[in-house]
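Here it is as structure tokens:
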């Protein structure tokens, strides 16, 4: 706050001084235009002085190392959140694609992964249908295995088998 007060005070002093100089300057057009020009340069320098002081401190700011204070537990919970949200998004997308493919609504999709953010692998998928239809079982298993590969375990269940 003290720096702002000094800046306002210096602008005020320079402005009043410049006004006094231009008021007492001779009426000669050749000399007065140079005086006005010099006063405007001084006022501009005073107005830009805060930027000059920041520019002088910039190398100090750039050379400093930025240190993040993230604890290991915080990073782990962040990764878990990212993995959980990704699995939910994949489940939503699978439900939409299954509806497009079979024209039967899915009541719930649970997606389970290996939990690694950098190398996410879908390990199993549980799909709950509201309508019991034996044809949906094999078609759904094949459809999901085509998407995630043969290593992904696919469980097709019906609403009455929910835990």
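In our numbering, the protein residues as written are 91 to 253. Just so it is clear, CB atoms sit at the ideal spot from N, CA and C, and this is done for glycine as well.
If distances are taken between C-alpha atoms only, which option among the options comes closest to residue i?
| i | options | result |
| --- | --- | --- |
| residue 170 | 138, 210, 143 and 181 | 210 |
| residue 203 | 117, 176, 248 and 236 | 176 |
| residue 194 | 219, 214, 180 and 206 | 219 |
| residue 181 | 102, 237, 110 and 127 | 237 |
| residue 221 | 126, 205, 198 and 235 | 198 |
Would residue i and residue j be called neighbours here (beta carbons separated by less than 8 Å)?
| i | j | result |
| --- | --- | --- |
| residue 216 | residue 200 | yes |
| residue 136 | residue 100 | yes |
| residue 178 | residue 233 | no |
| residue 173 | residue 207 | yes |
| residue 254 | residue 183 | Past the edges of the chain, shown from 91 to 253, lies residue 254, and the structure says nothing about it. |
| residue 109 | residue 125 | no |
Helix, strand or coil: how does DSSP classify residue i here?
| i | result |
| --- | --- |
| residue 91 | coil |
| residue 190 | helix |
| residue 206 | coil |
| residue 216 | strand |
| residue 106 | helix |
| residue 172 | helix |
| residue 96 | helix |
| residue 121 | helix |
| residue 111 | helix |
| residue 198 | strand |
| residue 241 | coil |
Would you mind sorting residue i into buried or exposed? The rule is 16 or more other CB atoms within 10 Å of its CB.
| i | result |
| --- | --- |
| residue 246 | buried |
| residue 129 | buried |
| residue 230 | buried |
| residue 131 | exposed |
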